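Student: First to last, the protein sequences are chains A and B. All residue numbers for the first sequence refer to the working numbering, where the first residue is 7 and numbers rise by one. All residue numbers for the second sequence refer to the working numbering, where the first residue is 7 and numbers rise by one. All residues carry an ideal CB built from backbone N, CA and C; glycine is no exception. All figures in this text were calculated on a predicted structure; none of them were measured in a lab.
2 protein chains.
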Amino acid sequence: MPSALPLSAVLLSLLTAPPKAPAAATKDVGPSPQVAERLIGAALTEGHAYARLAELTDGIGPRLSGSEGAEAAVQWAKRSFEADGVKVWLEPVKVPRWVRGEESARVLASAGRFREHPLSIMALGGSVGTPAGGLTAEVIEVRSLDEVAALGDKVKGKIVFFNHAMAEAADYGKYAGLRTRGASVAAKAGAVGALVRSLATASLRSPHTGAMRYEDGVAQVPSASVSVEDAELLHRLLVGGPVKVELKLGCKTLPDADSFNVVAEVKGREKPQEVVLLGAHLDSWDVGTGAHDDGAGVTMVMETARLLAKLKPAPRRTVRVVLFMNEENGLRGGKAYAEAHAAELANHVAALEMDSGGGKPLGVALRAGPGGEELVRPWLRPLEALGAGKMLPGEAGGADISPLIPARVPFVGVRVDSSRYFDVHHSHADTLDKVDPKDLAQSTAALAWVSYVLAEVPGVLPRPEAPPSEAPKAPAAPVGAPKPSAP
Amino acid sequence: MPSALPLSAVLLSLLTAPPKAPAAATKDVGPSPQVAERLIGAALTEGHAYARLAELTDGIGPRLSGSEGAEAAVQWAKRSFEADGVKVWLEPVKVPRWVRGEESARVLASAGRFREHPLSIMALGGSVGTPAGGLTAEVIEVRSLDEVAALGDKVKGKIVFFNHAMAEAADYGKYAGLRTRGASVAAKAGAVGALVRSLATASLRSPHTGAMRYEDGVAQVPSASVSVEDAELLHRLLVGGPVKVELKLGCKTLPDADSFNVVAEVKGREKPQEVVLLGAHLDSWDVGTGAHDDGAGVTMVMETARLLAKLKPAPRRTVRVVLFMNEENGLRGGKAYAEAHAAELANHVAALEMDSGGGKPLGVALRAGPGGEELVRPWLRPLEALGAGKMLPGEAGGADISPLIPARVPFVGVRVDSSRYFDVHHSHADTLDKVDPKDLAQSTAALAWVSYVLAEVPGVLPRPEAPPSEAPKAPAAPVGAPKPSAP
Chain A
7 MPSALPLSAV LLSLLTAPPK APAAATKDVG PSPQVAERLI GAALTEGHAY
57 ARLAELTDGI GPRLSGSEGA EAAVQWAKRS FEADGVKVWL EPVKVPRWVR
107 GEESARVLAS AGRFREHPLS IMALGGSVGT PAGGLTAEVI EVRSLDEVAA
157 LGDKVKGKIV FFNHAMAEAA DYGKYAGLRT RGASVAAKAG AVGALVRSLA
207 TASLRSPHTG AMRYEDGVAQ VPSASVSVED AELLHRLLVG GPVKVELKLG
257 CKTLPDADSF NVVAEVKGRE KPQEVVLLGA HLDSWDVGTG AHDDGAGVTM
307 VMETARLLAK LKPAPRRTVR VVLFMNEENG LRGGKAYAEA HAAELANHVA
357 ALEMDSGGGK PLGVALRAGP GGEELVRPWL RPLEALGAGK MLPGEAGGAD
407 ISPLIPARVP FVGVRVDSSR YFDVHHSHAD TLDKVDPKDL AQSTAALAWV
457 SYVLAEVPGV LPRPEAPPSE APKAPAAPVG APKPSAP
Chain B
7 MPSALPLSAV LLSLLTAPPK APAAATKDVG PSPQVAERLI GAALTEGHAY
57 ARLAELTDGI GPRLSGSEGA EAAVQWAKRS FEADGVKVWL EPVKVPRWVR
107 GEESARVLAS AGRFREHPLS IMALGGSVGT PAGGLTAEVI EVRSLDEVAA
157 LGDKVKGKIV FFNHAMAEAA DYGKYAGLRT RGASVAAKAG AVGALVRSLA
207 TASLRSPHTG AMRYEDGVAQ VPSASVSVED AELLHRLLVG GPVKVELKLG
257 CKTLPDADSF NVVAEVKGRE KPQEVVLLGA HLDSWDVGTG AHDDGAGVTM
307 VMETARLLAK LKPAPRRTVR VVLFMNEENG LRGGKAYAEA HAAELANHVA
357 ALEMDSGGGK PLGVALRAGP GGEELVRPWL RPLEALGAGK MLPGEAGGAD
407 ISPLIPARVP FVGVRVDSSR YFDVHHSHAD TLDKVDPKDL AQSTAALAWV
457 SYVLAEVPGV LPRPEAPPSE APKAPAAPVG APKPSAP
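This is the structure:
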């Protein structure tokens with residue numbers, strides 16, 4: 007600590023001291039209120055995170071794994087960390103390379119019932135294409151995966167239309183399985199394709215893409231999302247009798263491509279081998295510019311690294327930022343990190359992923375052993391004026407850090423308001439204008455402080471039990487799913 | 007009146023009698039409270055308007071003038087009036103035939119500044135196409151038509167980007183001129199094309215089309231709307247330096263086509279030569295299904311005709327419903343009606359157009375001579391429980407009835423809540439799901455009662471003065487503009 011602190015800082019230090027002095031206060035002061043002032047003040051006033059988000063979204067744009075945009079984002083992130091004086095390196099990741107083609111769909115006219123309707127659709131990521139001339143089949147509507155099997159032979163030769171009732175962000179987890187698994191479930195019952203109602207909380211005829219996966223040994227049938235409006239149209243038309251749809255998808259999967267996780271770190275002053283991992287994912291879908299998903303997370307963790315790198319002395323432990331590649335359609339970056347760093351995971355004292363958009367901060371959640379909350383809660387007071395100074399129920403998580411679960415790495419979540427996240431998620435509308443610079447700055451401030459606390463607090467979070475059913479390296483979250491939002 | 011009225015009806019009659027007995031009450035009872043009960047009850051409970059709207063939007067879909075959809079809508083409307091027992095005929099209208107083609111636009115990459123971006127655009131109705139390979143030019147941003155001239159030579163060879171600040175429905179009139187006139191104003195200054203920020207109050211990267219017109223003797227340059235998000239992107243990119251856009255529009259204008267106004271009427275029992283005209287427009291844009299614009303208006307006036315046709319005795323005057331063709335891109339139907347019926351316009355005692363969407367009713371507005379309000383106000387009490395029992399400020403109007411202004415036909419408006427109308431107006435998202443059946447039923451009820459009052463009330467509205475500047479037959483409202491919404 008400098009000896010000539012201004013009086014105001016000393017007063018602030020007294021005012022913002024945690025309610026209970028931490029255990030080793032006399033010889034080890036722990037997280038410093040002056041640092042709270044510096045980190046939160048800088049995050050709220052300097053506007054770096056939003057400026058970086060504009061570079062990433064307006065400057066680079068979409069960055070699906072294996073694309074030129076993804077490669078440009080890797081180089082941009084590396085240059086940016088260097089410009090910030092943060093040590094950075096690239097770690098290789100082989101990524102799937104899926105490309106969208108021309109795509110369209112229409113309801114064919116039914117004499118005496120209705121004229122032709124175009125459908126607003128987008129291929130789901132990973133889908134095979136249709137034959138060049140498209141495929142035409144009757145549509146059969148279901149509301150769940152189980153219903154497909156129950157329909158038996160009625161599904162044969164049809165396009166299965168997975169309808170659902172998503173109304174709010176919290177519903178995403180309920181219905182995401184229709185998108186990821188629908189095509190294979192339908193194909194097993196003899197279907198020739200799948201249409202999935204977009205997982206969206208707002209729509210202006212705007213389809214939302216996302217990952218789907220084929221099960222091994224099952225016929226691969228084309229699968230696309232359909233806008234909420236067109237899902238409702240299909241539902242209404244089906245009430246009156248058979249409905250035929252023509253689907254044309256030009257998408258395809260190319261050979262795997264070379265890409266990278268971008269890893270940066272601020273070395274710890276006292277326990278450099280202990281790592282606090284801050285993650286976000288650099289890839290996005292190929293539509294929109296991935297502003298909320300996950301440009302916001304990327305720029306929040308980058309800005310946290312920049313601010314922590316300026317602290318003198320450095321925090322006690324190492325803070326490592328990982329910009330994962332391929333969260334959206336493969337999780338190869340998350341898996342590659344867990345493999346490459348297997349030997350040091352026992353020293354990962356916390357992992358935190360920002361991947362729920364750039365909304366305002368709400369509080370902190372944990373996935374840790376008993377006593378974890380008691381370690382963190384005393385240090386949340388500096389976030390009270392941001393409305394984020396509380397522990398929240400629900401487990402922290404994140405798709406890219408889910409491969410760290412078998413190693414029992416404690417997870418921390420800085421939760422943000424995701425109530426409008428699924429208005430634009432995975433759609434053309436996920437663009438810079440949707441991110442409020444105030445919210446982004448406030449969540450960056452919360453993240454910077456929580457990250458510093460984790461790196462500086464004398465104790466470490468107790469490690470959670472590994473779930474008994476957890477197979478090593480299997481992701482806990484569905485591919486492409488953000489970590490659960492606060493209720 | 008039947009002599010064996012149930013007691014409840016008699017009581018209702020007493021309860022809902024207008025506050026002041028109309029002048030000729032002893033020998034001429036005027037609008038009947040029992041009819042209020044019947045019309046409002048039927049409109050609110052029978053669901054005909056919404057069922058018809060589903061037929062028009064889901065069954066027929068888009069219906070741009072001259073298209074197969076427009077012709078199908080004409081035949082559907084004729085059949086529907088016949089099924090309702092309402093006399094109907096077709097009146098010929100020659101309409102422009104504009105067809106959209108393949109269309110796309112992109113911001114070209116600028117080395118070191120930004121990568122390529124697709125732009126979400128739609129050709130404006132009436133625009134010429136670009137050369138097949140597209141046109142590429144630098145973009146120059148302006149905020150008004152006047153600004154184009156002020157820029158002088160800087161506009162030469164460029165695409166003029168008309169940006170604006172539309173935030174709410176009431177702003178539509180402020181900025182609609184950029185869309186209708188922008189291309190010619192730009193071309194006069196040497197521009198090669200025009201991009202106009204969508205006139206929208208919500209956006210998920212969704213462009214909104216609409217009519218544009220070329221001035222005689224001015225070079226015709228291609229003109230497209232651009233989504234709000236992409237307008238903001240262009241604005242941000244232009245801050246950093248030159249921005250080049252490639253625009254490809256495959257649209258074109260074919261020879262005029264034969265079409266029709268659909269005219270239906272309920273003959274008056276006492277003054278059949280006096281006409282209360284109820285208008286709406288049957289054509290829509292070629293995207294979406296024209297549910298709010300103007301399927302809602304069409305089905306409200308059709309349902310009003312059906313309910314009035316069932317009254318015995320019929321209303322005193324003739325109620326004539328006109329489903330105009332070509333409101334969106336030419337107003338040929340409105341002009342054709344005024345010409346074909348020129349001889350009887352002196353007997354048009356009121357004209358009313360429903361063309362602000364299917365929102366809930368708010369009240370009644372007029373464009374009449376002094377004393378008009380006093381004639382109407384006493385009869386609005388039956389609409390109080392619907393929240394629509396009041397006179398509203400602002401003049402009534404409507405694009406299709408604007409050619410009746412020189413004949414000094416009094417205008418009446420049943421105003422509806424249009425606050426969310428421009429979220430979907432002229433876009434792919436103007437679909438059935440956007441219309442609330444409750445709101446549509448309530449506005450239909452209000453329209454049915456007001457129409458009956460106009461046809462039954464002993465006196466007639468005083469005729470307004472013709473505006474001194476009004477050239478005969480010139481439309482008062484811009485083409486494609488809905489009548490002004492209530493504030």
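Where does Ile146/B sit, in a helix, a strand or coil, going by DSSP?
Tutor: Looking at Ile146/B - three-state DSSP - the assignment turns out to be strand.
Student: What would DSSP say about Met308/A, mapped onto helix, strand or coil?
Tutor: Three-state result, Met308/A: helix.
Student: In its own chain, which residues sit with a C-beta less than 6 Å from the C-beta of Gly135/A, not counting the 5 before and 5 after it?
Tutor: Taken in chain order, the residues that qualify are Leu255, Gly256, Cys257, Lys258.
Student: Out of Arg414/B, Glu390/B, Asp429/B, Glu401/B, state which residue places its alpha-carbon closest to the alpha-carbon of Gln448/B.
Tutor: The option with the nearest alpha carbon to Gln448/B is Glu390/B.
Student: List, in order along the chain, the chain B residues whose C-beta lies closer than 7 Å to that of Thr215/A?
Tutor: Near Thr215/A there are no residues of chain B at all, since even the closest Cβ is about 13 Å away, more than 7 Å.
Student: If you follow the alpha helix (DSSP H) that Asp236/B is part of, which residue opens it and which one closes it?
Tutor: Here the alpha helix (DSSP H) through Asp236/B covers 234-245.
Student: Tell me whether Lys273/A sits in a helix, a strand or coil according to DSSP, three-state version.
Tutor: Three-state result, Lys273/A: coil.
Student: For the beta strand (DSSP E) holding Ile165/A, just list the boundary residues, first then last.
Tutor: Residues 165-168.
Student: From Val382/A to Pro37/A, what distance separates their C-alpha atoms?
Tutor: The alpha-carbon atoms of Val382/A and Pro37/A are separated by roughly 11 Å.
Student: Quickly, what does DSSP pair Thr259/B with across the bridge? List them, please.
Tutor: Looking at the DSSP assignment, Thr259/B forms a beta bridge with Trp104/B.
Student: For the beta strand (DSSP E) containing Ala394/A, name the first residue and the last one.
Tutor: No beta strand (DSSP E) holds Ala394/A; DSSP gives it neither H nor E.
Student: Quick check on Thr305/A - is its C-beta less than 8 Å from some C-beta in chain B?
Tutor: Cβ-Cβ to chain B under 8 Å: no for Thr305/A.
Student: Determine the chain A residues that contact Ala129/B at a beta-carbon separation under 9 Å, and present them in chain order.
Tutor: Within chain A, no residue comes near Ala129/B; the closest Cβ sits about 16 Å away, beyond 9 Å.
Student: Over what stretch of residues does the alpha helix (DSSP H) that includes Thr63/A continue unbroken?
Tutor: Counting along the chain, Thr63/A falls outside any alpha helix (DSSP H), and DSSP gives it neither H nor E.
Student: Compare the C-alpha of Ala320/B against each of Asn267/B, Ala129/B, Val463/B, Ala286/B and name the closest.
Tutor: Cα-wise, what sits closest to Ala320/B is Val463/B.
Student: First and last residue of the alpha helix (DSSP H) that includes Ser110/A?
Tutor: No alpha helix (DSSP H) contains Ser110/A, which is instead part of the beta strand (DSSP E) from 109-113.
Student: Suppose the cutoff is 6 Å on Cβ atoms and the five residues either side in sequence are ignored; what does the same chain contact list for Ser290/B look like?
Tutor: Answer for Ser290/B: Pro68, Arg69, Gly296, listed in chain order.
Student: Closer than 9 Å by beta-carbon distance: list the chain B residues that pair up with Phe417/A, in chain order.
Tutor: Residues of chain B passing the Cβ test: none, with the nearest at roughly 32 Å.
Student: Interface residues of chain A around His123/B at Cβ under 7 Å?
Tutor: Within 7 Å Cβ-Cβ: Gly67.
Student: Can you have a look at Thr305/A and say buried or exposed, based on whether 16 or more other CB atoms are within 10 angstroms of its CB?
Tutor: Buried: at least 16 other Cβ atoms inside 10 Å.
Student: Is the shortest distance between the beta-carbon of Val430/A and the beta-carbons of chain B less than 8 Å?
Tutor: Closer than 8 Å to some Cβ of chain B, the Cβ of Val430/A qualifies, so yes.
Student: Round the Cβ separation of Asn353/A and Val281/A to the nearest angstrom and send it over; I've been treating them as touching at under 8 Å.
Tutor: Confirmed, about 6 Å.
Student: By a C-beta neighbour count over all protein chains shown, 10 Å radius and 16 as the cutoff for buried, is Lys396/A buried or exposed?
Tutor: Result: exposed.
Student: Leaving aside the five residues before and after Gly75/B along the sequence, list all residues of the same chain whose C-beta is less than 6 Å from its C-beta, in chain order.
Tutor: Taken in chain order, the residues that qualify are Ile66, Gly67, Pro68, Arg69.
Student: Does DSSP put Pro28/A in a helix, a strand or coil?
Tutor: Note that Pro28/A scores a pLDDT of 47, beneath 50, so its modelled location is shaky and nothing firm can be said.
Student: Buried or exposed for Gly91/B, please, with buried defined as at least 16 other CB atoms from any protein chain shown within 10 angstroms of its CB.
Tutor: Its Cβ having fewer than 16 others within 10 Å, Gly91/B is exposed.
Student: DSSP three-state call for Pro488/B: helix, strand or coil?
Tutor: Residue confidence is low: Pro488/B scores 45 on pLDDT, short of 50, so the model does not pin down where it sits. No coordinate-derived value is stated.
Student: Roughly how many whole angstroms lie between the Cα atoms of Asp300/A and Arg414/A?
Tutor: The straight-line gap from Cα to Cα measures roughly 25 Å.
Student: Glu235/A to Arg322/A, Cα distance in whole Å?
Tutor: Going by the C-alpha atoms only, they are around 53 Å apart.
Student: Use the C-beta contact count for Pro473/B: other C-beta atoms within 10 angstroms, 16 or more gives buried, fewer gives exposed.
Tutor: Pro473/B comes out exposed.
Student: Which class does Arg187/B belong to by DSSP, given the choice of helix, strand or coil?
Tutor: Three-state DSSP puts Arg187/B in a helix.
Student: Please classify Val251/A as buried or exposed, where buried requires at least 16 neighbouring CB atoms within 10 angstroms.
Tutor: Buried.
Student: Inspect the beta-carbon positions of Ser133/A and Ala189/A and report whether they are closer than 8 Å.
Tutor: Against a cut-off of 8 Å, the Cβ pair of Ala189/A and Ser133/A comes out as a contact.
Student: Once the 5 residues before and after Gly53/A are set aside, which same chain residues still bring their CB inside 8 Å of it?
Tutor: If we look at Gly53/A and ignore the five residues flanking it on each side, its Cβ neighbours are Pro443, Ala447.
Student: Between which two residues does the alpha helix (DSSP H) carrying Arg44/A extend?
Tutor: Unbroken alpha helix (DSSP H) run through Arg44/A: 39-51.
Student: So with CB distances below 8 Å, who are the chain A contacts of Arg242/B?
Tutor: Here the neighbours are Ala60, Asp64, Leu438.
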